[in-house]
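Residue numbers (my numbering), protein chains in the order written: chain L, 97 to 645; chain Z, 131 to 503; chain R, 3 to 405.
Ideal Cβ positions, reconstructed from N, Cα and C, are used throughout, including at glycine.
This one's a predicted model, so the numbers in the text were calculated from it and none came from an experiment.
Written below as structure tokens is the structure these notes are about.
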Amino acid sequence: MRKRVVKKLHHLIRNYAYKAAGKNTGPDDMDWIHQAVVEKYDLERIPIEADLATNIKRLKGISGYCPDFIIRQFEIGGGIGEAAAIFLEGMVERVLLNENLLKPLMIHYRPFKPARGSFLDQILSVALPVDVVKKCVNLHEVIDHVLEGSVVLLVDGESEGLALEAAGFKTRVPEEPMTEAVVRGSREGFTEALHTNITLLRRRLKTPNLVLESMVLGRISHTQVVVGYVRGLAAPELVAEVRERLKRIDIDGILESNYLEELLRDHPLSPFPQAITTERPDRVAANLLEGRVAILTENTPFVLIVPGELVAHMQSPEDFYHHFILGVFIRLLRWCAFAVSLLLPSVYVAVTTFHQEMIPIRLLLNIVAAREGVPFPAVVEALVMEIAFEILREAGVRLPRAVGQAVSIVGALVIGEAAVMAGVVSPLMVIVVALTGISSFLSPSFDLAISIRILRFPMMFLAGLLGLFGVATGMLAVLIHLAGLRSVGLPYLAGLTPFHHDDWKDLFIRAPLWMMRRRPAELSENNRKRQASGLKPEPPDRHPQGGTI
Amino acid sequence: MGEVGPMREEGKISAYQAMVYQVSIVLATAILFVPAITAKHAKQDAWISVIIACFFGSLQVYTAVSLARRFPDASVVQYAPLILGKVPGKVVGFVYLFYFFYVGYFVLQEFSALMCSSYMPRTPPIVFMLVLSLLAVYAAYGGLEVICRMSSIVLTVVLATMVLVVLLIIKDIKIWRFLPALENGLGPILLGAIPPGGWFGETAVLLMLYPFIDNKEKVVKTSFLAILILFIAMEMVVIGAVGLVGPTEAACFLFPTFNMARLIKLEALPILERQDALFMMIWVAGMLIKLTTFFFAGVLGLAQWLNVKDYRPLILPSMAIMMALAVQAWENIAELFAFSGEVFPLTIIFVNFIITIFLLITAGIRHISTRKA
Amino acid sequence: MKRRMLIILVLLICLNAGCWDLREVEDLGYVMAMAIDSGPQGKIRLIAQVPNPRVLGGGQRGGITPGASIAAKPYRNYEGTGSTIFDALREISRESSRRLFFAQNRTLIFSEAMAEKGVGGVLDFLKRSVEIRHGLTMVFVARGDPAKILDIPNPHATVPALRIDDIVRWRGQTSRFAPVPLSRFLETLSLEGQEPYAGVIEAAFNPAAQVREGEKAALEPPLTLRLTGAALFRNDRMVGFLDETETRGLLWVLNEVKGGQIVFPCPGQEGKKATIEILRANAKIEPEITEDGIIMTVKIREEGNLVEVEGPLDTSKPEVIKELDRLHAAAIGNEVMAAVYKAQELGSDAFGFGEAFRRKFPREWKKIKRDWPEIFPGIEVRVQVVAHIRRMGMTGKPPFLAP
């Protein structure tokens, strides 16, 4: 909604500007407004005049006569004074506006005798049952508050306005996140509304040390961005660094949190994600407890968590919601799937075209029999199949749900069955591609899965060129790249190397909770202790304090 | 005389990371060739040779540490002129840094020799050299910290794989292949101890790393730990190779460790047979860290020798020169192997031990040290 | 920017020149068994068995396979003759549509003539080869034409190479033939105090191949493939064969007995036999120097299960078992001694007596190692067997023994 207003405003102003080129006469002139808005956004210079009509005229000019920009003029208390309520239709709660603003002012208002303070103060103290009210002194503030979803009350004869918080736009209720479903655990996900998201977070970490710093980014979009961390856990240098990087951002609009990620990452060209993205409040809370910093962005349910090193991308909060043995198993499975989704096609190509001795003879004969009549070299076959799979996958995501099913059936039939029957590809390659594709979904981080998906192709290319040596080369190149990577100053391979004994309890496995006494070493150098020692449950008779027998 | 002090190099490393560096610089080629070269002289007593070599290596690394501790903020290339005077010091510095490049191009040749002999005979050797050196250049641009991080991961994988290979052949290792002990007396054993002794001495690379280590008090401990790790690794391959096929055959092997992996035979799990190409992948990684560590030490030394602030501009030219040297160096594999068994160990002992001990004694006599009391 | 251009350029060059060692999986002929024979005029005849994946490969066939309807043979034996083994091998490539690939080879057969002439020349190629796996290739000597042996049909394992492979895998059923990995063969060749041996493979008459009434030909193939005995070498020349009993005698000493049956006379009744199945065995050679010369004592410990008793014996009595222990220990001793006599007669120390001597008396060995081939036939060998029956199946007494 707000976006539309801003856009229209822009457009209209530009038209005026052309007409009145060269003139610079004052705030009532459209050209002046154009200059103010587009070039400098300097509406602060236009004060609220005591004359209500002038203010209304100017506001209408600024708004560009948008249909949803509503200026409701009325009389206070039946002729005591003239006033106007300015708001955006759809952004405010109707009931609140009518019941708590218009009704008391228009019908119930009786002036106080003797009058204390200004007229505006009187109204504020007796007639407006609204909790949050701010004063504004210039049109910039008026417009800002209106765009935020407040109702601004201007009274004739007063050079101040009142902004009453009445935001009531439609938002989604928290529901289960689409991208990160869990079997066990909270079913709440973040929504597009920032205040809802903050509530979700507050409910999980009830401490005054949960610090939320707000800032507004985006010249035009005016997106509210909140940096959240737990005081005492997050390293102050880390918070300062995040703050610094966010402040450096000067862009017209921030529509999604990825805008922020791209603008604050350490290595802009790296395919690897340098922040964790999540829709789950519990994941954010868990990461804040490790001393990380969360960045919440308005209008998107995706929250960024920094630093997001490699190991953090492989951890899911759900690992801790099940029995730890299952957690260990799933972690191991996840790392295997990580390797499979990166390497399987390339290893298959390398082994079948360079190192045939590695395959047991009976399987080898099957592969040969299957590949006889396939006209392409194995590497081309693999590349074609992988690309076909990617096409199907993208199509499956984008297509309307009803059609999507049909596409997946056609895809499965065409790729899986007909292509094999026609001798275009070998059945083994179909298995390889399918396994690879499915493995990539095991990653708890969609961003990491994407980078793996992309890296798979150069790997296949190298495998076709140099066999397993090529695969080794590719892996080493990735390793060197990772070793040089940092996420907001934290080395990307932190946790893996250098070796910290405690970190390995939450790396390839997930140790039982009572063993995980420390926070990640390189993240929380000063406050490492997570819990009391000796939490391992024991039968009461063996407990040192003794117990009932 | 130029100012002595650490040059621009981001970050410090811990003593344990320095240990990783020391192990990486020796491991890959040593485990590949030690069994053949040692068994040639010492026969079934090769394992005793490795023990002796280990003591010799400890001596060398202790000499190096003693020298390094006198000059905590500089590398040997920087303080050699302090000890010996400008011109001789520069010459010694050049010998050191040339040694790094020299081993570097030797490693490149060895690497391409193995790849061409065992896996891809038709691929031109220059391809392997090029690929490996490009990776090394990439890592060198990252700097010391990146190299240490990468090496520690690669090293873990390499050592784990070696243990795995030994576990897979352990049932075929026969004790009687090591008998009789001391058949030909101590002479051949000592002779067989020279090459591994030289390799152990490569841990003296500490002379270059010392200024970058932040917890210097641990260096003695970690250096000996590095020797210990290398000792275990070498013993594993020596015992594996000799115990599997006997000393005569082990001495014939051009690449004993590889041949060992090729001899894995498991009737219970035949899928694990013939998987030596996977071992090759791991070994490529080991070779890379070896090349990278040498190359980086060389480039760093070169920059210090030339008194340049940043070593990065020197990376590509140095690699080009190294490649050129590697391509022209040895005509065939027989020359290469004769060289690696007979000449090479002596040259590295000369640099790592003789020169180091000479510097140490001179510095001791002349009471030169930049250490704060 | 310049650097990025350089990378792209390098990649393009790679594309241009690459794939030097690439070979598609279907372009290779996987040699599963190879036989080396000496041909006329000192030439070498090589037989390589290559399977036909179209027949052997399971699963869905991809594409149109021309000629698939013809009932194809599951393998093809290529034959080539040349001055050296590599020469012969490349001769084959003139008739094979696929490049021969030896890394999957598990069986290496020398013809009798070749083995007698000496295999040293060809062994060098095998040792040098990158593809051939020494630990996995089993060495055999063929009695009869190896080409014929490698072409014996069989309905189960249709490729003879796979059949040999499987028989070798189950060698512990009898331990009466002596397959040896190429690596071990090469090692013993390099040792001064030990001579190599190899398994023997032969084409035997198939007793099941009888023409039944109303049928023109037998349903079974007339010949069958059999692994039997061992061939002994002196240096790289074969000097003779061991029969099956002697072979196991050799294997006892070499610690290669993985199982098998021991049949020996049953006490109490004439002509009746008892049978033991070997579970595990362990042997040790202990050399001694006495005034009379060198004495080798072979100490064998064996454990077995009683599987068959023909005589009326109450095997639930410990003293009976003790008696059986003694008797089957004697049977083992006889096998060993038979092997030793035969080997001494042939003059081939396949047991490694010399090696055992060297390990114990390195200094004395230096003096006698040159004369070892002459000394070996004269040394005295003693066998000490400790044998134990551990279990005896599901019953204590034979069925007809009155309680």
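Please look up how many angstroms separate the CB atoms of R/Ala74 and R/Asn54, rounded, as I've assumed it's under 8 Å. 6 Å
Just to make sure I have the definition right: I need the residues of chain R whose C-beta is within less than 7 Å of the C-beta of Z/Ile167. Which are they? Those within 7 Å of Z/Ile167 in chain R number zero; the least Cβ separation is about 18 Å.
With 8 Å set as the bound, which would you pick, yes or no: does the beta-carbon of Z/Gln147 sit closer than that to a beta-carbon of chain L? yes
Following a CB-centred definition, is L/Ser214 positioned closer than 7 Å to any heavy atom of the ligand ZN? Among the ligands in the structure shown, none appear at all, so the ligand ZN cannot be discussed.
Relative to chain Z, which residues along the segment 330-342 of chain R have a C-beta separation below 8 Å, given in chain order? none
What would DSSP say about R/Gly306, mapped onto helix, strand or coil? strand
Enumerate in chain order the residues of its own chain whose CB-to-CB distance from L/Ile182 is below 6 Å, with the five nearest sequence positions on each side excluded. Ile167, Val242 and Val248
At the 8 Å Cβ level, is L/Ala568 part of the contact set with chain Z, yes or no? yes
Output the distance between the C-alpha atoms of L/Arg362 and L/Lys343, rounded to the nearest integer angstrom. According to the sequence shown, residue 362 of chain L is Asp rather than Arg. About 15 Å.
Out of R/Glu290, R/Arg236 and R/Lys301, state which residue places its alpha-carbon closest to the alpha-carbon of R/Trp254. R/Lys301
Kindly provide the ranges of any alpha helix (DSSP H) runs that are 4 or more residues long and lie completely inside the segment 405-473 of chain Z, ordered along the chain. 406-435, 445-459 and 463-468
With 16 other Cβ atoms within 10 Å as the buried cut-off, status of Z/Cys184: buried
Does the pairing of the segment 455-475 of chain L with the segment 576-595 of chain L give three or more beta-carbon distances under 8 Å? no
Pairwise C-alpha distance: R/Met34 and R/Ala352: 28 Å
Coil, strand or helix - L/Gly566 by DSSP: helix
Would you say the segment 173-184 of chain Z touches the segment 364-371 of chain Z, given that touching needs at least three Cβ pairs under 8 Å? yes
Just the Cα atoms here: how many angstroms apart are R/Arg171 and Z/Glu397? 8 Å
When you compare the CB of Z/Ile161 with every CB in chain L, is at least one pair closer than 8 Å? no
Would you call L/Pro369 buried or exposed, if buried means 16 or more other Cβ atoms sit within 10 Å of its Cβ? buried
Helix, strand or coil for R/Phe266, going by three-state DSSP, please let me know. strand
Listing by chain order, which chain R residues have their CB less than 9 Å from the CB of Z/Met250? Trp22 and Asp23
Applying the criterion that 16 or more other CB atoms from any shown protein chain within 10 Å of the CB defines a buried residue, is L/Pro332 buried or exposed? exposed
Hey, quick one: how far does the alpha helix (DSSP H) through R/Val255 stretch, first residue to last? Glu246 to Leu256
When Cβ atoms are compared, which residues of the segment 388-401 of chain Z fall closer than 8 Å to chain L? Pro400 and Ile401
Of the residues L/Met187, L/Val222 and L/Asp543, the one placed nearest L/His204, counting alpha carbons only: L/Val222
For L/Ala515, does the three-state DSSP call read helix, strand or coil? helix
Expressed to the nearest angstrom, what Euclidean distance is found between the alpha-carbon atoms of R/Arg108 and R/Ala50? 12 Å
Taking the alpha-carbon positions, what's the R/Met339 to R/Arg303 distance? 16 Å
Can you list, in chain order, the residues of its chain with a C-beta nearer than 7 Å to that of Z/Val288? Leave out the 5 residues immediately preceding and following it. Leu157, Ile412, Ala415 and Gly416
What whole-angstrom Cβ distance do R/Leu244 and R/Ala341 have, given they're in contact under 8 Å? 6 Å
Who are the near neighbours of Z/His497 in its chain, counting only those whose CB is closer than 6 Å to its CB and skipping five residues on each side? none
Mind listing, in chain order, the continuous alpha helix (DSSP H) runs of no fewer than 4 residues lying wholly within the segment 28-105 of chain R? 55-58 and 87-94
Reduced DSSP secondary structure (H/G/I, E/B, other) of L/Ser214: coil
Compare the C-alpha of R/Leu315 against each of R/Ala276, R/Ile287, R/Leu225 and R/Gly146 and name the closest. R/Ala276
Thinking C-beta only, is L/Val529 closer than 8 Å to L/Glu468? no
L/Ser310 lies in the beta strand (DSSP E); which residues open and close that run? Leu306 to Leu313
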